[in-house]
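All remarks here apply to the structure that follows.
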Amino acid sequence: MNANFPPPADSAAERPYLEIRAVSKRYGGFPALRDVSVSVRQGSVHALVGENGAGKSTLGKIIAGVVRPDAGEILLDGQRVNFRGPRDALAAGVTIIAQELALLPARSVMDNVFLGVESTRAGVLQSGRLAQRYRELADRIGFDLPGTAPVRSLRLADQQKVEIMRAVARGASVIVMDEPTAALTEDETAQLASIVRELAAAGTTILFISHFLDEVLRLCDTVTVLKDGSLVRTSPAEVETPETLVTGMLGRTLDVAFPERPPRRPDAPVSLRVEGLSEPGVLHDISFSLREGEILGLAGLVGSGRSEVAHAIFGARKRSSGTIEVNGRRVTIGSPRAAVGAGLAMLPESRKEQGLVMGRPIRENVMLSHLGIASRGGVIARRDEQRAAQTMVEELGVSLRSLEAPVRTLSGGNQQKVLFAKWLIRPPRVLIADEPTRGVDVGAKRAIYELLASLAAEGMSILLISSEVEEVLGLSDRVLVMRQGAVVDELEGDRMTADVVMRAAFAAAGEMEAHA
């Protein structure tokens, strides 16, 4: 993200406040961390970077008591600590904003923010005092979220804000932030940067895990690079560049440019046609066509209706009107099952909540949508299922120990590849990809870019949704810009620039109506 971060402040103290000494962790026979040692100054913002699977999140979870190390020790303010769980860590002033959100969906925003630190008197919850604390916190941070709204009613980006507010509300001396800006807009990212700097200036120590290398270099004082579970180096952020960090993370330089693609064929058959798709208060007369072998980008701000369009097409939410044609044939799609039957597939924005069954084996997740491939007379043939799943994970380069391992044990990038495998085991005519690179490192991003380009080259039609404008522009043949539930502009050729996208996304109401 390209937010303008404030310059790093001086550290509150030079002494290490948090020390990780020779920490190691294995999952089964797989080493997630190997003898890692890191010192973190009090009141500093210290980044952890590396590929998916490098050990960043594992180290963050060990610091916060979520995971226990197999070897090594952790010192906090000079004292050795041995956290048996997150509650112990919180009691010592350490908390985490995890990459996979851990909220109570049926409870209110306010309940989640103050979970474990509620206002009580004689064991009785003081609702009025809690509401006052929430208003003060919301005003301080600048996040405009209704305190009484159930968390499940919020967009993913707003749920991320709840996690951030909860960490700040706990008044922790150490906060581990694992991909805290992955679902935020540039303005929201700038807000978070100001909050982080304010916390650091007050003496809070921040461990900041992010795949956005420009963000890391603008915000953080120090950067630790991990590769394959081992420490590469720790250095001042001011001496690093995105290129040097990538080289350290991968052990090689990486061409991060988007793959070259042939010009789209304007006479190619139309694979998907959407006419008049509407939902009161959400979507307004969405119409477009998508041709064979084309990547059509859907851009816009968070809340513009991009994901809602995807879910409406895929039958995951009701629509009041509109028609859908696949390969020239009008289809009725009232459920995801019907969408799959019509030749559509969808990678959802949240792989944890909507895409994968995190506690089940990788094999089952790959085969979940197409069990008929490996069934005989309604009974799953385990050997056929194993063979089909193995073929797909090998084709997509999924790094794993065993197909029987739970999918949650994989890195974010490998989980995303499993999500692709789930749909590509029987290739669809149209692939809807909603934030396909969210929460993956630069190496995995490049692999996903190449995969999308190759699928389009083979004739698959792709509807691409991404909050990263550069990603939409770099991969797409055409771009539709959305605002307030409507398509406000269509871009191709020389008009496909970040400036034009953002102007359309922020268009005044009158301009929007003129384009509609």
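Taking numbering that gives the first Met the number 0, the leading residue of the sequence shown gets 0, the next gets one more, and so forth.
Where a beta carbon is used, it is the ideal one built from N, C-alpha and C, also for glycine.
This structure is a prediction, so every number in the text was calculated from the model and none was measured.
In the DSSP assignment, G296 falls outside any alpha helix (DSSP H) and lies within the beta strand (DSSP E) extending over I294 to G299. By alpha-carbon distance to G458, the top candidate from E187, V80 and V429 is V429. In this structure, G228 keeps its C-beta atom at 8 Å or more from the C-beta atom of P68.
Unbroken beta strand (DSSP E) runs of no fewer than 3 residues, entirely contained in the region 154 to 229, are found at 173 to 177, 204 to 208 and 221 to 226, following chain order. An exposed status is given to D143, since fewer than 16 other beta-carbon atoms sit within 10 Å of its beta-carbon. Minimum Cα-Cα distance from E237 among the listed residues P427, E352 and A46 corresponds to A46.
Per the C-alpha coordinates, the member of P360, E293, V325 and T408 positioned closest to G28 is T408. V269 is bridged by DSSP to R290. Remark: C-beta atoms of L32 and S38 do not approach each other more closely than 8 Å. DSSP places E307 inside the alpha helix (DSSP H), whose first and last residues are R305 to I312. Under the Cβ criterion (8 Å, minimum of three pairs), the region 212 to 220 counts as touching the region 229 to 248. K351 and V112 have their C-alpha atoms some 21 Å from each other. DSSP, read as helix, strand or coil, puts F419 in helix. Counting of Cβ neighbours within 10 angstroms places E403 among the exposed residues, the total staying below 16. Nearest to I19 by alpha-carbon distance, out of A200, I61 and L191, is I61. Fully contained in the region 425 to 456 are the following beta strand (DSSP E) runs of length 3 or more, in chain order: 429 to 433. Here K317 is exposed, its C-beta having fewer than 16 other C-beta atoms within 10 Å.
Rounded to the nearest angstrom, the gap between the Cα atoms of M495 and V486 is 15 Å. Sequence-distant partners of Q158 (beyond 5 residues in either direction) whose C-beta falls short of 7 Å from its own C-beta, in its chain, are L100, L102 and V150. If you check the CB distance, E434 and S466 come in under 8 Å. Burial is judged here by how many other beta carbons sit within 10 angstroms of a residue's own beta carbon; F419 has at least 16 and is buried. Assignment of beta-bridge partners to R328 by DSSP yields V325. From the listed residues V441, A446, L451 and T436, the smallest Cα separation to P427 is found for L451. Separation of the CB atoms of A315 and E278 is rounded to 12 Å, and the pair is thereby denied contact status at 8 Å.
For A404, there is no enclosing alpha helix (DSSP H), as DSSP marks it with neither H nor E. Contact annotation: A130 and G141 have beta-carbon atoms that are not nearer than 8 Å.
In this structure, the straight-line span from the alpha carbon of V273 to that of G321 is close to 7 Å. Put simply, the backbone Cα of R362 is about 22 Å away from that of A432. Within its own chain, the residues whose Cβ lies closer than 7 Å to the Cβ of R165, once the five positions on either side in sequence are excluded, are N111, V112 and L114, listed in chain order. Excluding the 5 residues flanking it on each side, A97 has same chain C-beta neighbours closer than 7 Å at D177, in chain order. By a beta-carbon distance limit of 8 Å, P360 contacts P405. Their separation comes to about 6 Å. Rounded to whole angstroms, the separation of the alpha carbons of Q78 and E470 is 45 Å. Between A53 and R437, the alpha-carbon positions lie close to 17 Å from each other. With 16 or more other CB atoms across the displayed protein chains lying within 10 angstroms of its CB, P179 is buried. As computed with DSSP, E278 is found in a beta bridge with L282. Within its own chain, the residues whose Cβ lies closer than 8 Å to the Cβ of G84, once the five positions on either side in sequence are excluded, are G64 and V65, listed in chain order.
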